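Written out below as structure tokens is the structure these notes cover.
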Amino acid sequence: MATNDELPIEPHETFDTILVLDFGSQYSHLITRRLRELNVYSEMLPCTQKLSELSWEPKGIILSGGPYSVYWDDAPHVDPAVFDLDVPILGICYGLQEIAWHFGKNVLAGEKREYGHAFLKVERHSGKNTHVDALFNGLEDDMEVWMSHGDKLSNLPPSFVTIATTSNAPFAGMAHEDKPYYGIQFHPEVTHTPRGTQLLKNFAVDICKARQDWTMGKFVDQEIARIRALVGEKGQVIGAVSGGVDSTVAAKLMQEAIGDRFHAVLVDNGVLRLKEAQQVKETLTKHLGINLTVVDASERFLGLLKGVKDDPEKKRKIIGNTFIEVFQEEAKKIAAEAAGSSKAGEIEWLLQGTLYPDVIESISFKGPSATIKTHHNVGGLLAGMHLKLIEPLRELFKDEVRELGTNLGIPEELVWRHPFPGPGIAIRILGEVTPEQVRIAREADHIFIEEIKAAGLYRKISQAFAALLPVKAVGVMGDKRVHDQVIALRAVETSDFMTADWYPFDGQFLKKVSRRIVNEVEGVCRVVYDITSKPPGTIEME
Ligand SMILES: Nc1ncnc2c1ncn2[C@@H]1O[C@H](COP(=O)(O)OP(=O)(O)OP(=O)(O)O)[C@@H](O)[C@H]1O
Ligand SMILES: O=c1[nH]c(=O)c2[nH+]cn([C@@H]3O[C@H](COP(=O)(O)O)[C@@H](O)[C@H]3O)c2[nH]1
Ligand SMILES: NC(=O)CC[C@H](N)C(=O)O
Ligand SMILES: [Mg+2]
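Using the UniProt record's numbering, the letters of the sequence shown correspond one by one to residues 1 to 542.
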């Protein structure tokens with residue numbers, strides 16, 4: 001493990017790094033993911049990144065796809081200084097067009113758009129110019145690829161040769177005769193291009209000569225060393241820990257790094273899942289040795305939520321703000337308790353479970369996307385508390401966090417838990433949140449999840465829950481008329497939670513869940529299944 005003197009501060013300083021410059025494609029982050037799967041470290045920055053402001057040297061640069069046309073007046077362009085760096089460059093789709101535009105201004109709107117599968121013919125040049133073939137080395141002459149473009153090159157820029165064609169795109173692949181510059185019109189990062197990962201490997205490993213040494217184990221060692229150096233010998237850290245995978249993994253890292261100088265706090269806001277606070281406490285304390293305080297603030301939260309009926313944003317704000325208040329009070333208490341002891345230092349740091357997609361969103365050159373709903377945010381704690389942030393997962397994607405959690409010995413059922421929002425069941429109870437409504441929603445949710453697990457479907461589904469609708473329907477139970485509430489089940493499949501599709505359960509499964517909920521949960525006489533994708537729906541109900 002590194003000592004403080006030789007402390008590796010950022011992964012790009014120790015690992016050979018491929019820089020992805022993002023032009024706004026929906027798939028840009030997948031390029032980074034694919035490279036990391038090859039154990040090549042990669043980071044993504046906006047396409048507008050000034051190279052003079054970059055403090056580290058990439059081994060290679062990939063220009064991503066994007067929704068613009070390079071010939072538009074307001075199209076984004078890469079800092080021309082990338083072509084002065086002595087590193088290989090690969091342009092993908094818009095990226096190819098950007099290279100062509102830089103060298104020849106030769107891109108225009110095609111007569112035919114090309115979306116979906118296409119057959120690529122590779123052109124080899126061995127003999128005179130072997131390096132231009134390097135991108136397709138070891139790949140077949142005919143490849144299935146995936147395209148998504150409307151623009152095309154009118155001709156090759158000077159000094160480039162064709163390395164691949166499709167029936168609609170005579171310049172589907174090009175390479176510079178002397179320099180390691182390549183462009184491809186198709187997307188190697190999507191699974192619909194079956195040999196795409198091999199192509200990215202050819203670029204990163206063979207052409208850029210990047211070492212394949214990015215592993216979770218090394219990342220953990222570095223991160224622990226970095227945390228120790230940041231916090232110092234005495235510093236104390238407080239962390240909001242929900243029992244969700246992100247905050248649990250972050251907490252485990254902190255605990256490994258600084259032991260009992262890390263204080264994890266779980267706020268029971270009265271709208272957690274059934275018996276959740278107890279279970280999380282047990283898992284974190286007993287199995288993971290994390291010093292967790294559960295603050296029971298359920299009455300306070302439910303008191304504040306009383307009477308809030310028609311405005312979901314109001315619920316979210318009440319919960320978000322009260323989280324902050326409770327957390328601040330707790331930080332003060334911990335500091336006061338530690339004040340007398342010899343090891344005590346001030347609480348200067350706040351742990352957050354920020355992931356790479358959140359970072360990407362906030363650095364996007366397009367700016368953050370429109371607010372659909374206010375996600376409760378521990379970042380809001382900063383103003384009053386003057387805490388500095390530690391975000392050990394800020395370079396990782398969710399599936400990498402799961403891998404890291406597994407490496408750290410966190411039990412599988414915790415690592416693979418479905419995400420659960422901070423405002424909890426409150427945003428799954430449409431209408432007023434009362435203790436009785438919480439009971440109904442919780443019990444129904446518990447049955448639904450129990451059945452999903454029993455059917456072996458939990459890992460196939462990305463997120464599932466029961467919501468409680470604010471309407472009553474008539475039913476007949478035991479020959480008596482009932483007038484009770486309606487539960488809506490929701491289960492979705494998604495890779496990034498930005499878009500999602502509802503899960504196609506079979507009828508028998510739904511029958512069983514419905515029967516159990518109506519029989520076992522008092523106050524419910526009907527169950528419906530939500531078959532809305534996102535968009536236009538969102539995953540949560542409010
Ligand atoms: N009940 C809670 N008590 C303390 N902190 C919480 C609570 N709920 C949420 N948080 C904080 O808010 C952060 C964001 O919540 P979010 O649900 O996105 O992440 P998570 O709970 O760690 O993981 P997951 O996405 O798997 O649910 C958490 O990482 C945690 O710091
Ligand atoms: O910690 C959180 N605080 C919130 O306020 C919040 N709102 C939504 N979510 C989660 O975000 C993902 C996308 O949800 P939506 O489609 O409903 O926006 C889903 O996984 C949601 O559960 C939240 N998580
Ligand atoms: N996917 C892309 O990068 C598309 C690039 C460009 N907008 C085109 O239509 O050709
Ligand atoms: Mg959560």
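Heads up, the beta-carbon is just placed ideally off N, CA and C, and yes, glycines get one too.
All of these numbers come straight from a predicted model, not from anything done at the bench.
Please confirm whether any heavy atom of ligand 4 lies closer than 7 angstroms to the CB of residue i.
i: S52; result: no
i: F420; result: yes
i: S148; result: no
i: G244; result: yes
Relative to the alpha-carbon of residue i, which residue among the options has its alpha-carbon at the smallest distance?
i: M174; options: M147, L200, D133 and H149; result: D133
i: C208; options: P435, L510 and I18; result: I18
i: M143; options: H187, L457, K460 and D310; result: H187
i: E534; options: L469, Q463, H483 and L510; result: Per the sequence shown, residue 534 should be read as Lys rather than Glu. Ranking L469, Q463, H483 and L510 by Cα distance to K534 puts Q463 first.
i: P76; options: A240, G95, L85 and W502; result: G95
i: G424; options: V267, W214, P411 and G456; result: V267
i: S154; options: G196, G183 and G110; result: G110
i: V40; options: D86, T48, Q212 and T165; result: Q212
i: T191; options: F119, P180, E337 and V145; result: V145
i: A491; options: Y503, H125, L355 and P435; result: Y503
i: P536; options: D501, Q508, C525 and E522; result: D501
i: A172; options: V271, Q97 and M498; result: Q97
i: F505; options: K460, Q485, K59 and G196; result: K460
i: F412; options: Y27, G244 and Q278; result: In the sequence as presented, Phe is not what sits at residue 412; that position holds Glu. Cα-wise, what sits closest to E412 is G244.
i: M477; options: H446, I440, R439 and V521; result: V521
i: I410; options: F15, M147 and E282; result: E282
i: R228; options: S242, A257 and G196; result: A257
i: L304; options: V433, D484, H446 and T48; result: V433
i: P419; options: R226, L85 and K398; result: K398
i: D310; options: R226, K59, L469 and K512; result: L469
i: K112; options: E451, L120 and K152; result: K152
Closer than 7 angstroms: is that where the CB of residue i sits relative to any heavy atom of ligand 3?
i: D151; result: yes
i: residue 586; result: Outside the displayed range of the chain (1 to 542) lies residue 586, so it cannot be described from this structure.
i: S69; result: yes
i: residue 551; result: Because the chain is modelled from 1 through 542, residue 551 falls outside the range shown and cannot be assessed.
i: Q97; result: yes
i: Y182; result: no
i: C525; result: no
i: Y458; result: no
i: C208; result: no
In its own chain, which residues sit with a C-beta less than 7 angstroms from the C-beta of residue i, not counting the 5 before and 5 after it?
i: I481; result: According to the sequence as given, residue 481 is Arg; it is not Ile. If we look at R481 and ignore the five residues flanking it on each side, its Cβ neighbours are V474.
i: M541; result: I427, R428, L430 and A467
i: I290; result: A251, K252, Q255, A264 and L284
i: N407; result: M216, G217 and V220
i: P157; result: A100, F103, G104 and N106
i: E223; result: L253 and P392
i: D530; result: A488, L489, R490 and W502
i: E114; result: M147, H149, N168 and A169
Excluding sequence positions up to five away, which residues of its chain have a Cβ less than 6 angstroms from the Cβ of residue i?
i: S25; result: S64, G65 and G66
i: V527; result: I487, S514 and I517
i: V249; result: V401, L404 and G405
i: V378; result: Residue placement at V378 is flagged as unreliable, the pLDDT there being 49, under the threshold of 50; a coordinate-derived value is accordingly withheld.
i: P312; result: E542
i: I334; result: H263
Where does residue i sit, in a helix, a strand or coil, going by DSSP?
i: D484; result: strand
i: G60; result: strand
i: R36; result: helix
i: T165; result: strand
i: P392; result: coil
i: F497; result: coil
i: A210; result: coil
i: R428; result: coil
i: V401; result: helix
i: P535; result: coil
i: L351; result: strand
i: K121; result: strand
i: L292; result: strand
Residues in its own chain within less than 8 angstroms of residue i by CB, not counting five upstream and five downstream?
i: E177; result: N129, V132, S159, F160 and V161
Is the beta carbon of residue i within less than 7 angstroms of some heavy atom of ligand 1?
i: Q26; result: no
i: N291; result: no
i: A240; result: yes
i: R442; result: no
Comparing the CB of residue i with every heavy atom of ligand 2, is any distance shorter than 7 angstroms?
i: F497; result: yes
i: I539; result: yes
i: Q352; result: no
Are the region 73-88 and the region 47-54 in contact at 8 angstroms, needing three or more beta carbon pairs?
The answer is yes - the region 47-54 touches the region 73-88, with three or more Cβ pairs under 8 angstroms.
Could you check whether the region 30-42 touches the region 187-203, counting it as contact only if at least three pairs of C-beta atoms, one from each stretch, sit closer than 8 angstroms?
yes
Say whether the region 289-307 touches the region 316-326, bearing in mind that this needs 3 or more beta-carbon pairs closer than 8 angstroms, one atom from each stretch.
yes
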